[in-house]
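Reviewing the structure listed below.
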Amino acid sequence: MLSYRHSFHAGNHADVLKHIVLMLIIESLQQKEKGFYYLDTHAGVGRYRLFSEESEKTAEFEEGIGRLWQCDDLPEEVARYIKLIKKFNYGGKELRYYAGSPLIAATMLRPQDRALLTELHPSDFPLLRNNFKEFENITTKRDNGFMQVKATLPPKERRGLVLIDPPYELKEDYDLVVNTIEEGYKRFATGVYAIWYPVVLRQQVKRMVRNLENTGIRKILQIELAVRPDTEQRGMTASGIIVINPPWTLEQQMKKILPYLTKNLIPEGTGSWSVNWITPE
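To convert, count from 1 in the sequence shown and add 678; that's this note's numbering.
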């Protein structure tokens, strides 16, 4: 089942949260000169036109990146994120394109860093491959991203970040995430793992968190941004990132950033945020 395409959702509130966290983790990894490995398990196409048929159909970016685009009171970390996105928009004069996680990472990577971007969707993979064909330190592969965690870890650099960002089209994806983390951690316990998740049914997220606790892995931080309270109705009410082995600065950075995002992305006053340790060190 491969119906999900991120082009319908590019630049929404979940992307804003995910990509700020991604940027902060990469910045932390780059504090050391030694190179690192980046694996994006569900890469999409990497770059999205916000005035495409797909994006205009939902216009979710208007309530995400669109609400931050012209703000002049951005926290320092959010300002760096907006600066990254402006690079793909002719200096920021007009918001026409949004960068997915592969392009954000690719723009930040140094010559000594390398990346593997995997995508299984038959329509999206050719676009992904074309978008990154000129990056010498980036490989694209049409494959099941979950399998690449097992296949490519530990990396030769012994430093790295794995972004696991499935569409959660199938309930089994929640269990696959936990199984994949267990497999990856056995091979590469010092790596950083970032798991994005939607909150559609809270019980699914609670079960995934409980299963992660049961792995015995330590240092698991959960970061979440909600646009409205949980509901039994259809639709995503919140999204979050679970980070294993997070940079020591990430907790406080997000506690600073999230009140601002909640206020500015959710002016209706229905939003909330949280930063909690699932398991401490």
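By construction, the Cβ of each residue, glycine as well, lies at the ideal position given by its N, Cα and C atoms.
| Asked | Found |
| --- | --- |
| Presumed contact (8 Å Cβ cut-off) between R774 and L728, rounded CB distance | 6 Å |
| Integer-rounded CB distance, given that V921 should sit under 8 Å from A872 | 5 Å |
| Inter-residue spacing [alpha-carbon to alpha-carbon] between E812 and A784 | 11 Å |
| Spatially closest choice to N822 from M932, P945, N889 and D718, by CA coordinates | D718 |
| Unbroken alpha helix (DSSP H) run spanning G918, endpoints | Run containing G918: none in the alpha helix (DSSP H); it sits in the beta strand (DSSP E), A916 to I922. |
| Check whether V905 and M932 have beta carbons under 8 Å apart | no |
| Under the three-state DSSP convention, the category S801 falls into | coil |
| Three-state secondary structure assigned by DSSP to P780 | helix |
| Assigned exposure category for Q985 - 16 Cβ within 10 Å defines buried | No information on residue 985 is available, as it lies outside the stretch 679 to 959 that the chain covers here. |
| Contact check, Y938 vs V756, beta carbons under 8 Å | yes |
| Alpha-carbon spacing of R865 relative to R807, whole angstroms | 28 Å |
| Distance between beta carbons of P876 and Y846, contact taken as under 8 Å | 6 Å |
| Residue environment, Y768, which counts as buried when at least 16 other CB atoms sit within 10 Å | exposed |
| Sequence-distant residues of the same chain with beta carbon closer than 6 Å to H687, five excluded per side | E738 |
| Within 8 Å, strictly: CB atoms of M701 and I782 | yes |
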